[in-house]
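Numbers 192 to 642, taken from our numbering, label the letters of the sequence shown in order. Note that beta-carbon positions come from the ideal geometry of N, C-alpha and C, so glycine has one too. Quick caveat: nothing in here was measured; it's all calculated off a predicted structure. I have placed the structure first, in the form of structure tokens, so that the comments after it can refer back to it.
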Amino acid sequence: MSSEFSQKYLGKGKNTKKRNKMILTFTLLIISFLCMCFLCFAFIYTENNKKAITSSATQPASSGVTLSSQEETTDSSYGLKEASNTDSPVTINVMMIGDMLIHRGVYRSGTTDNVNYNFDHLFANILDDIEEADMRIVNQETILGGTEMGLDEYPNFNSPQEIGDAEVEAGFNIILHATNHALDKGLTGLNTTVSYWKTNHPEMSVLGIYDSQEDADEIYVYEKEGFKVAVLNYTYGTNGIPIPQSAPYCVNMLEDEEKIRDDIRRAKQLADMVIVSPHWGSEYVYYATSYQKEWTELFLEEGVDVVIGTHPHVLEPVEEFTREDGHRMVVYYSLGNFVSNQDEIPRMIGGMAKLTLVKEGNSARIESYSIEPLVTHKLFGYKLITTYKLSDYTNELALQNAIRRDTPQCTDSRCVCGADITGLPSHSASNFTLDFCQQFSKAVLGDMYDY
Ligand SMILES: [Zn+2]
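Dropping the structure here:
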């Protein structure tokens with residue numbers, strides 16, 4: 192028909208009436224076609240919006256939906272705009288490792304001349320895991336006052352600043368400093384650490400210690416494509432060293448309940464999800480203490496999404512809680528050590544927390560979470576000490592671990608030595624084998640770990 196029409200149209204007015212009729216018919220056909228296209232487009236668009244709004248509204252409460260109060264109070268046009276974007280959920284992968292406890296044996300591993308230091312070897316076996324994550328968090332237990340202040344170890348640690356350089360090189364982007372060792376070298380040590388980060392790695396997000404009230408008041412929020420996750424970091428204490436009156440803001444303390452509730456509420460205003468990392472609990476026990484449980488209750492009440500604890504220097508369980516209204520919270524009580532030169536075999540075993548958080552439309556949730564046990568491969572010598580994922584560790588490596596030559600029996604009076612955990616293997620040093628590491632992880636982590 193189209194070629195017939197062309198011929199007639201180009202046929203220079205042989206039959207004008209017939210031609211006009213043809214033009215009219217053709218025009219009507221075009222208009223009808225355009226109308227149909229428009230109607231189809233409008234229908235698809237409306238359906239998509241409907242679907243998006245429905246999925247956002249009917250998200251089961253048990254999946255950990257957390258609307259920040261900012262979102263709850265925004266007008267409906269904001270909601271619609273967000274909802275139309277649900278085709279592309281945003282995912283944030285979080286990874287975190289535990290205590291960087293820099294004893295002499297650890298800082299000596301980074302030098303041959305006590306002048307130049309490098310600690311890239313500490314992270315060499317977990318680089319892929321760091322790279323896979325968006326939020327890459329490390330608990331820097333000791334201050335980084337550097338060699339000029341004089342390096343030191345237990346009980347008043349001061350570590351090389353090259354430890355921080357290695358953390359940056361490995362890919363970490365969030366450094367936690369609220370620990371009981373934050374004031375080991377007084378306010379000078381703390382300020383030197385803050386200044387090191389600000390001067391040498393200004394892009395790094397350093398939490399928990401501050402050199403001004405202004406910085407201490409600011410809540411850290413990680414953002415990826417509009418998905419915002421806040422992180423708060425506190426310590427239970429500073430080993431009896433009083434907070435200097437001249438700088439009451441210098442360490443974030445897990446003390447004043449009202450202040451912490453207020454911080455969490457502010458964080459929820461600013462972000463879709465909130466992670467709290469408390470430095471808490473009792474050293475060398477493998478379960479949550481009543482102190483940890485009390486704070487956990489407060490965190491749940493306030494609607495925290497994830498808690499990742501540090502300090503006990505050993506692994507503690509991972510637990511999931513659901514508030515009465517369905518709000519879900521995951522708690523890692525303790526990730527143990529990432530690296531140390533401690534001398535009891537359970538302290539060689541730590542954990543790497545891994546979580547996948549998803550924001551879809553107006554709602555954000557914990558998609559999945561896991562813990563990967565880690566083993567400090569303690570050896571003495573240049574660049575020898577390092578940490579492996581337990582899944583990569585071998586019995587051959589375990590038999591080389593210098594921990595086997597340490598204290599033959601667990602001597603720590605606070606250590607429960609398996610009394611409270613059925614099946615926890617004996618802590619005798621010669622027991623340190625791959626099998627011990629696996630059994631120990633299983634005894635503490637239960638269903639969270641399989642081998
Ligand atoms: Zn600690």
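query = In angstroms, rounded to a whole number, what distance separates the CA positions of G494 and V397?
reply = 24 Å
query = Any heavy atom of ligand 1 within a distance shorter than 7 Å of the CB on E332?
reply = yes
Inter-residue Cα distance where the pair is D597 and K459 = 47 Å
task = Pick helix, strand or coil for H312, following the three-state DSSP scheme.
result = helix
key: D343 Cβ short of 7 Å to ligand 1 heavy atom set   = no
task = Measure the beta-carbon distance from N371 to Y413 and round it to whole angstroms, keeping in mind my assumption that it falls under 8 Å.
result = Going by Cβ atoms, the distance from N371 to Y413 rounds to 25 Å, so no, they are not a contact pair.
query = Where do the N-terminal and C-terminal ends of the alpha helix (DSSP H) with R684 fall, by residue?
reply = Because the chain here runs from 192 to 642, residue 684 falls outside it and cannot be looked at.
inquiry  = For a minimum of 4 consecutive residues, which ranges assigned as the alpha helix (DSSP H) are wholly contained in the region 529-564?
reply    = none
ask   = Taking Cβ positions, are V422 and Y440 nearer each other than 8 Å?
value = no
query = Is it the case that the Cβ atoms of A589 and I536 are separated by a distance below 8 Å?
reply = no
Environment of R538 [buried if 16+ CB atoms lie within 10 Å] = buried
task = Would you mind giving the Cβ-Cβ distance between N528 and D290, rounded to the nearest angstrom? I have them listed as a contact below 8 Å.
result = 5 Å
request  = Determine, using beta carbons only, whether T578 and L313 come nearer to each other than 8 Å.
outcome  = yes
query = What residues come near ligand 1, if near means a beta carbon less than 5 Å from any of its heavy atoms?
reply = T370, N371, H502
key: K649, buried or exposed, once every other Cβ within 10 Å from all chains shown has been counted against 16   = Missing from the structure shown is residue 649; the chain here goes from 192 to 642 and no further.
inquiry  = Quick test of the definition: if touching needs 3 or more C-beta pairs under 8 Å, does the region 508-516 touch the region 280-300?
reply    = no
message = Pairs of beta-carbons, one from the region 321-336 and one from the region 360-369, closer than 8 Å: are there three or more?
response = yes
message = Cutting at 6 Å between CB atoms, please list the residues of its own chain near N430, excluding the five before and the five after it.
response = N371
Backbone CA spacing between D534 and I594 [nearest angstrom] = 6 Å
inquiry  = Need the endpoints of the alpha helix (DSSP H) that E507 sits in, please.
reply    = Neither: E507 is in no alpha helix (DSSP H) and is coded neither H nor E.
ask   = Out of curiosity, what's the CA-to-CA distance linking I354 and K450?
value = 32 Å
key: Cα-Cα separation between L625 and S300, rounded to whole angstroms   = 24 Å
task = Give the DSSP bridge partners of H470, in chain order.
result = T426, T501
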